[in-house]
Amino acid sequence: MRISYQNTTFSGSAPIRARKQRGSALLISLAILTLLTLGASVAMQRSSLQVKMTTNMQFKQQMFTAAYSSIESMMANLGSGDGATDALGTLITNEQNNVNAGAASGDTTIDIFSESSWTAPEHDDLKAVDSVSNLVSVDQLPSGKKYSLRDSAGNSAGTQAPYYFASQVIASNAGGNISSVQRQGFVVMGAAPQ
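When you line the sequence shown up against our numbering, it's residues 54 to 247, in that order.
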């Protein structure tokens, strides 16, 4: 017996609408699979971005460590009085000459490690660090009558004066896109200016 109901024929074979439903189920499952694939690729991109961010943070920490160790070594050498007086004296003289010539204060710098013949700290364990520079400048020259040797003749008030220095350390990687800049001030008592 054959019954017809709005374009659907029931007989021994599968209905025509059932075949269309299998095709639509295939399309829906294909769309879901596509969405899952896109979701997985976005998750993988985020994961690789997080790995890059973590690596950059580790490199930044290595730059900080290298700069900090350079400052620590400089301060230890200054504390031991190991050969810095000639280099700092030359820096003071050059700075005073520049200021007398009308240049801005703090323009003269020296690399304290090479000028003082100090051994710079090793950074072999910090693979990301390519270069470390430690430039020292005079932050403030002593001035005024209380620091003048001429104006304090006959007493000990003008024999020594404080010299203020600033050390700027820059540690960077080979590309120069990751760096750490640290600045350290220090005071050295020296002979008063004339």
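Note that the Cβ used here is the ideal one computed from N, Cα and C, for glycine as well.
Starting from residue i, trace the beta strand (DSSP E) both ways and give me its first and last residue.
i: residue 188; result: 184-193
i: residue 162; result: 162-164
i: residue 232; result: 232-244
i: residue 170; result: Neither: residue 170 is in no beta strand (DSSP E) and is coded neither H nor E.
i: residue 214; result: 213-225
Since residue i and residue j are thought to touch, with beta carbons under 8 angstroms apart, how far apart are those beta carbons, to the nearest angstrom?
i: residue 188; j: residue 152; result: That belief does not hold up - the Cβ atoms of residue 188 and residue 152 are roughly 18 angstroms apart, past 8 angstroms.
Which two residues bound the contiguous alpha helix (DSSP H) that contains residue i?
i: residue 145; result: 137-153
Go through its chain and collect everything with a Cβ distance to residue i's Cβ below 6 angstroms, but skip five positions before and after it.
i: residue 137; result: 131, 169
i: residue 147; result: 161
i: residue 171; result: 130
Look at residue i and residue j and say whether their C-beta atoms are less than 8 angstroms apart.
i: residue 249; j: residue 231; result: This structure cannot speak to residue 249, because the chain is shown only from 54 to 247.
i: residue 220; j: residue 236; result: yes
i: residue 233; j: residue 84; result: no
i: residue 244; j: residue 213; result: yes
i: residue 118; j: residue 79; result: no
i: residue 177; j: residue 217; result: no
i: residue 190; j: residue 238; result: no
Exposed or buried, what is residue i when buried is set at 16 or more other beta-carbons lying within 10 Å of its beta-carbon?
i: residue 81; result: exposed
i: residue 46; result: Residue 46 is absent from the structure shown; the chain starts at 54 and stops at 247.
i: residue 115; result: buried
i: residue 122; result: buried
i: residue 185; result: buried
i: residue 144; result: buried
Can you name, in chain order, every residue of its own chain whose Cβ lies under 7 angstroms from the Cβ of residue i, other than the five neighbours on each side?
i: residue 140; result: 163, 165, 168, 169
i: residue 112; result: 181, 226, 231
i: residue 183; result: 225, 226, 227
i: residue 101; result: none
i: residue 92; result: none
Between which residues of its own chain and residue i is the CB-CB distance below 8 angstroms, once the five residues before and five after are set aside?
i: residue 124; result: 187, 220, 222, 235, 237
i: residue 105; result: none
i: residue 240; result: 215, 216, 217, 218
i: residue 98; result: none
i: residue 142; result: 243
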